[in-house]
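Note sheet for the following structure.
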Amino acid sequence: MGNERRFSAINTKIRVMRSRFLKDDDYIALMEMNSVEDQIKYLREETKYSKVLEDIDDIDNIQKVELQLERLQVQQFEKIIKYFSDDYERYIKSFMFRYETEDLKLFLRVLARGEKLEDYGMESLLKDKYYSFSYEKIKDAKSVVDFIDKLKGTKFYDVLYPYRNEDHSKLMFYMEMNLDRLYFNTINESAQKLSKADRQSFNNVFGENIDILNIEWIYRGLKFYNLAPEELINYTLPHGLVFNFNKLKDLCYGDIEHLKSVVRDTRYKELVNEDKDIDLFMGIRVQRYMYNRFKNAFRDGRFDISISNAYLHLLEYEIKDIISILEAKKYGLSYYETKEYLVREIKGSDE
Amino acid sequence: MSIEKMSMMNVVGKIEEINDVLTELLRTGKVDLVSAMTQIEESHFLFDVNDENVDMLVDLNYISPFEKNEETQNLLKQCQEISEILDLKCDSQYSDINLEMPTKQELQRELDEVHKEVIEPHIMLDALQKELSYLDDFHANSFKEMEEFPLTIDEMRNMEYYDFKMGILSKEDRLKLKKNYENILAILLHTGSSAEGEVYFAFYPKKLESEIARVLRSLNFKEIIIPNSYSGTPKQIREEVVTKKERLTKEIQAQKKLIEDYKIKYSDKLKSMLGHIWLMSKIDEVKSYIAVSSHYFYISGWVPDSEKEKLQEILGTHEDTLIVFKDDVSLKPPTKLNNHWFFRPFEWLVNLYGTPSYNELDPTPFVSLSYMLLFGIMFGDLGQGFIFVVAGYFASKKTQLGGIISRMGISSMIFGVLYGSLFGIETIIPALWMRPFENINDILMVTIFVGIFVILVAHVYGIINAYKRRDLEEGVFGKEGVAGVILYLAFLITIGSTLLEVSIIPAPITLGVGGIALLAIIFRLPLTHLIENKRPLHGGDTTGYYIESIFSLIETFLSMLSGTVSFIRVGAFALVHVGLFLAFETIGHMMNSAPGSIIMIIIGNIFILSLEGLIVFIQGMRLQYYELFSRYYKGEGKEFKPVSLEK
Chain Z
45 MGNERRFSAI
55 NTKIRVMRSR
65 FLKDDDYIAL
75 MEMNSVEDQI
85 KYLREETKYS
95 KVLEDIDDID
105 NIQKVELQLE
115 RLQVQQFEKI
125 IKYFSDDYER
135 YIKSFMFRYE
145 TEDLKLFLRV
155 LARGEKLEDY
165 GMESLLKDKY
175 YSFSYEKIKD
185 AKSVVDFIDK
195 LKGTKFYDVL
205 YPYRNEDHSK
215 LMFYMEMNLD
225 RLYFNTINES
235 AQKLSKADRQ
245 SFNNVFGENI
255 DILNIEWIYR
265 GLKFYNLAPE
275 ELINYTLPHG
285 LVFNFNKLKD
295 LCYGDIEHLK
305 SVVRDTRYKE
315 LVNEDKDIDL
325 FMGIRVQRYM
335 YNRFKNAFRD
345 GRFDISISNA
355 YLHLLEYEIK
365 DIISILEAKK
375 YGLSYYETKE
385 YLVREIKGSD
395 E
Chain A
305 MSIEKMSMMN
315 VVGKIEEIND
325 VLTELLRTGK
335 VDLVSAMTQI
345 EESHFLFDVN
355 DENVDMLVDL
365 NYISPFEKNE
375 ETQNLLKQCQ
385 EISEILDLKC
395 DSQYSDINLE
405 MPTKQELQRE
415 LDEVHKEVIE
425 PHIMLDALQK
435 ELSYLDDFHA
445 NSFKEMEEFP
455 LTIDEMRNME
465 YYDFKMGILS
475 KEDRLKLKKN
485 YENILAILLH
495 TGSSAEGEVY
505 FAFYPKKLES
515 EIARVLRSLN
525 FKEIIIPNSY
535 SGTPKQIREE
545 VVTKKERLTK
555 EIQAQKKLIE
565 DYKIKYSDKL
575 KSMLGHIWLM
585 SKIDEVKSYI
595 AVSSHYFYIS
605 GWVPDSEKEK
615 LQEILGTHED
625 TLIVFKDDVS
635 LKPPTKLNNH
645 WFFRPFEWLV
655 NLYGTPSYNE
665 LDPTPFVSLS
675 YMLLFGIMFG
685 DLGQGFIFVV
695 AGYFASKKTQ
705 LGGIISRMGI
715 SSMIFGVLYG
725 SLFGIETIIP
735 ALWMRPFENI
745 NDILMVTIFV
755 GIFVILVAHV
765 YGIINAYKRR
775 DLEEGVFGKE
785 GVAGVILYLA
795 FLITIGSTLL
805 EVSIIPAPIT
815 LGVGGIALLA
825 IIFRLPLTHL
835 IENKRPLHGG
845 DTTGYYIESI
855 FSLIETFLSM
865 LSGTVSFIRV
875 GAFALVHVGL
885 FLAFETIGHM
895 MNSAPGSIIM
905 IIIGNIFILS
915 LEGLIVFIQG
925 MRLQYYELFS
935 RYYKGEGKEF
945 KPVSLEK
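So the sequences go chain by chain: Z and A. Take 45 as the starting number for the first sequence in our numbering and just add one per residue. Take 305 as the starting number for the second sequence in our numbering and just add one per residue.
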């Protein structure tokens, strides 16, 4: 099937879906409100999230709002999947793997703290058919070991099994690193089965994403974690676009200043911009870089997988920003402080 | 003849005898039980009272349903489990169950005994097999590349300044290791491969143990623990593993042999136990229909009249058992079809639409004959029909459909002779009647007449069914009743004489009779009420009645016309059948070679047999269900489902 035929319908559909994104005015309105309650009311009355937020009774529970917003994202996933078949369907579905991973991390955090899962009233985000494990079964896990046993037969088992007897304080670190690696490998694998043009478009975006995540990791590793360079390099993700293994190795065996100077000569220089505190803003900058990258996909408007890809990620950033705004209000951050922590840059505000 | 007469049987007996009575009922497989509780509550459970059975009547006031019992189910499960361990196939070997039923306690004890003996080798076998597969996984090839290594594992374990680990690395991590090997303070050697991946051996100074451990961990190094029982060099270990594997295989064989012995020893015993337990669980199942009082049990069920005497005889052997048969009950009996073996497969076709009511005429013989006739006309071919007969014969062992297919084949063969067609080729045998493709008008005409005949027979069925229901309105004045048939005939004669330009019956008479029939259909409700002396005549809404009546008359005319003409399709399919083959034959000729033609003829036949065969099969069903059943058949009955020992 030619890409024109494959993407003409879905790309049109996505453009319509994209027109329902929140506008800058919406963000400004949200940030200017006086209480979390008002904000949620606004989301419920003025935005595309009204339907998923309809049934929430306690109107200031940010956690619940977050879950509902993510539900909407999953719904949109399902809508988009319907437009694809075979390898493309599997590729889009591999994004769902992300939610499985996030669910597992949540479980692990609770269990690693020695708390009980039932106290948290875990709710599954995906429909049962998208899980590769049984959510209901795992909900009853009593300990980390029990939890991992219950994952037997899934991809996760092999990755988590070696760490089941690890000291709880370090366990989260190892497990999260490995789950993330599994996730990136999974989408990369499924993407390599797409047509050549789509594979290339994927490799470019994915490669950049991997690059900046690796830079962030090595920067933090050097600065905060007491890790040997051998360990640092082993935890990096493969398939970067600019930074291949040897370049990363060079960063791992050098110091922070070296890293900054190397990165400054690449397209990722904004990450180590010293105008603001690098330590504090690196996470946001990583996301902001990808955000702009995905926005460009709509400008280019090619008949390939990039638009679907971009839409799904932009929606994710929108939800992240909304939650940041709600959290910021909860902790009493000012309008200008809040703006700093958003992925997007809001223009036309009263600066 | 084809729907069996049913009677309601009520049985009262002493509660001690209940299991014996039920066993016998199950064995006969002739009784369709209904809930005795409901029967009694609705006062259908009647019997003549005399001095001897007055107790039974008194007890009727104290009845209760039978208590459910889980015990038997557990026994059944346990017994099946043991059979599975011993790999015994116990399906339906219940024929030789004698009436000496052991009690549940006895059965449980015996089962426990067998279980105790059998479970031990089973568990052993399981463990041994696990160990073997573990050996296969990890140790068989893990040391393959280290054959020449001079040190023993014990020597290495006892080294003062160095330590070692073995484990598995994934491809991605191997690559990382390779690219950064110069910075790693350990020697890593590839030593072999296991089921889970490539095995590596890490050798490093003891001082650096924690650093190396962390690095290995970051590489997802999956450690293999070498059991302490291994102490030699890698080569010796390999040999040890091989001998151990041999030993394990032998032990597994021994355990298997043991289980095999048990199988022979307990086979008969288990089979008979399973039979007993199966019977018990069946009895338990049936007990939900039964009512009991403190001294008596009460059973109600439908019995075919032909089996009455036999049941009386069997149950009569029990003392103090009262058996009452009643023909005339207000309940609707279930339907048991009983047809000539030749028609029997078509019962499936009828039941697919709906089981006939007890007092309805069984349409099976008519369906069989008309279906075969129509199929034959549409798909007449001696050779292809023969293939259907053979295929149907083999399929009939698995499904009722097989019987239908082989009968379709017979009809196809007969018409094949009439059409002179053998595997589509029309030059081998002579046509006894005509070749459809050369007489297109004739075959279409003939099928319309066949259609008219079939429709008329359907009307006769409809009238008989209405008579059986004592339905005056539908049977006499209805559009599927006598008036309808007269109108249809008048309609046909009028059209027929106009088309053929001959006068069969003088036109005024035809029109007059037709007109009377038409009026009868319009006024069918008031007429019926007049005769049955019911008021109001129109059952309420007079205007509404006439509007509906007149419109339904228009619909009647349309359906008469379309229903009759639709049988042209039958002729059309006869033509399609020939035409389709012609196409393949032509392609065959174009190939200009004998083998090519033969291959095309074979492909053509396969295509026609599968695809056209299916289409004609469905077309036949459509004609039956839509054109014919709608005229005479309701199919609102309940199937006769006797309780029996079968699954």
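C-beta: ideal position from N, C-alpha, C; glycine also.
Need the endpoints of the alpha helix (DSSP H) that residue i sits in, please.
i               : result
K528 of chain A : The amino acid occupying residue 528 of chain A in the given sequence is Ile; Lys does not appear at that position. Careful: I528 of chain A lies outside any alpha helix (DSSP H) and carries neither H nor E.
G819 of chain A : A811 to I826
P538 of chain A : P538 to V590
I369 of chain Z : S350 to K374
P649 of chain A : It is not in any alpha helix (DSSP H) - P649 of chain A carries neither H nor E in the DSSP assignment.
V154 of chain Z : D130 to A156
L286 of chain A : Limits of chain A in this structure are 305 at one end and 951 at the other, which puts residue 286 of chain A out of reach.
F692 of chain A : L686 to A699
Spell out the partners DSSP gives residue i in its beta bridges.
i               : result
N314 of chain A : A:S604 and A:V628
E451 of chain A : None; E451 of chain A has no bridge partner.
P660 of chain A : Its beta-bridge partners do not exist; DSSP assigns none.
H644 of chain A : Per DSSP, none; premise fails for H644 of chain A.
G496 of chain A : A:V503
E943 of chain A : A:T639
P369 of chain A : A:A595
P509 of chain A : A:Y466
I307 of chain A : A:L641
I491 of chain A : A:F507
I729 of chain A : A:L726
Between which two residues does the beta strand (DSSP E) carrying residue i extend?
i               : result
M470 of chain A : Y466 to L473
D336 of chain A : D336 to V338
Which class does residue i belong to by DSSP, given the choice of helix, strand or coil?
i               : result
S187 of chain Z : coil
S396 of chain A : Low local confidence applies: a pLDDT of 49 at S396 of chain A is under 50, so the model's placement there is unreliable, and no value is given.
D394 of chain Z : Summary for D394 of chain Z: the model assigns pLDDT 48, below 50, so the residue's position carries little reliability, and this model does not support an answer.
Y297 of chain Z : coil
E76 of chain Z  : helix
N769 of chain A : helix
L390 of chain A : coil
L281 of chain Z : coil
L705 of chain A : helix
S94 of chain Z  : helix
L266 of chain Z : helix
P249 of chain A : This structure cannot settle anything about residue 249 of chain A, because the visible part of chain A is limited to 305 through 951.
List, in chain order, every chain C residue whose beta-carbon is nearer than 9 Å to that of residue i.
i               : result
S522 of chain A : Structure shown: chain C not included; protein chains present are Z and A.
Next on the checklist: Pairs of beta-carbons, one from the stretch 358-370 of chain A and one from the stretch 583-594 of chain A, closer than 8 Å: are there three or more?
Outcome noted: Contact between the stretch 358-370 of chain A and the stretch 583-594 of chain A is present, because at least three Cβ pairs lie under 8 Å.
Checklist entry - Along the stretch 267-295 of chain Z, what residues have a CB closer than 9 Å to any CB found in chain A? => result Listed by position, the residues of the stretch 267-295 of chain Z near chain A (Cβ gap below 9 Å) are L271, A272, P273, E274, E275, L276, I277, N278, Y279, T280, P282, F289, N290 and K293.
Next on the checklist: Using a Cβ-Cβ cutoff of 7 Å, what residues of the stretch 483-512 of chain A are near chain Z? List them in chain order.
Outcome noted: For the stretch 483-512 of chain A, the beta-carbon criterion of a distance under 7 Å to any beta-carbon of chain Z is satisfied by K483, N484, N487 and I488.
Checklist entry - Are the stretch 217-234 of chain Z and the stretch 142-150 of chain Z touching, with three or more C-beta to C-beta distances below 8 Å? => result Three or more pairs of CB atoms, one per stretch, sit closer than 8 Å, so the stretch 217-234 of chain Z contacts the stretch 142-150 of chain Z.
Item to check | Segment contact flag, the stretch 838-858 of chain A with the stretch 692-703 of chain A, C-beta cutoff 8 Å, min 3 pairs | outcome: Short answer: they don't touch.
Next on the checklist: Closer than 9 Å between beta carbons: that is the criterion. Which residues of the stretch 524-537 of chain A meet it against chain Z?
Outcome noted: Flagged, chain order: N524, F525, K526 and E527.
Item to check | Against chain Z: residues of the stretch 456-484 of chain A by CB proximity under 7 Å | outcome: Residues E476, K480, K483 and N484.
Item to check | Chain-ordered residues of the stretch 213-245 of chain Z with a beta carbon less than 8 Å from chain A | outcome: Those residues of the stretch 213-245 of chain Z placed with their C-beta closer than 8 Å to a C-beta in chain A are Y218, N222 and N229, ordered along the chain.
Checklist entry - Is the stretch 675-687 of chain A touching the stretch 711-724 of chain A in the sense that three or more CB pairs, one from each, lie closer than 8 Å? => result Taking a contact to require three or more Cβ pairs closer than 8 Å, the stretch 711-724 of chain A and the stretch 675-687 of chain A qualify as touching.
Next on the checklist: Under 9 Å, CB to CB, which of the residues in the stretch 555-589 of chain A have a partner in chain Z?
Outcome noted: Within the stretch 555-589 of chain A, contact with chain Z at the beta-carbon level (separation under 9 Å) is assigned to no residue.
Item to check | Near-chain Z residues of the stretch 872-891 of chain A - C-beta to any C-beta below 8 Å | outcome: Sequence-ordered contacts of the stretch 872-891 of chain A with chain Z are nonexistent [C-beta pairs closer than 8 Å].
Checklist entry - Going along the chain, which residues of the stretch 691-719 of chain A sit with their C-beta nearer than 9 Å to a C-beta in chain Z? => result Taking 9 Å as the upper bound on Cβ-Cβ separation, chain Z lies near no residue of the stretch 691-719 of chain A.
Item to check | the stretch 596-611 of chain A touching the stretch 316-326 of chain A, judged by at least three CB pairs closer than 8 Å | outcome: Result yes; three or more Cβ-Cβ pairs closer than 8 Å.
Item to check | the stretch 50-62 of chain Z in contact with the stretch 115-127 of chain Z per 3-pair CB rule at 8 Å | outcome: Segments in contact, yes.
Next on the checklist: Check whether the stretch 474-488 of chain A and the stretch 288-301 of chain Z touch, using three or more Cβ-Cβ pairs below 8 Å as the test.
Outcome noted: Short answer: they touch.
Checklist entry - Within the chosen definition, does the stretch 680-689 of chain A reach the stretch 903-916 of chain A through at least 3 CB pairs nearer than 8 Å? => result Output reads yes: the stretch 903-916 of chain A touches the stretch 680-689 of chain A.
Next on the checklist: Under 8 Å, with one C-beta from each stretch per pair, do the stretch 752-772 of chain A and the stretch 818-838 of chain A reach the 3-pair mark?
Outcome noted: Cβ pair count under 8 Å is below three, so no.
Next on the checklist: For the structure I just gave you, are there three or more beta carbon pairs, one from the stretch 344-358 of chain Z and one from the stretch 89-107 of chain Z, closer than 8 Å?
Outcome noted: Contact fails: fewer than three Cβ-Cβ distances are below 8 Å.
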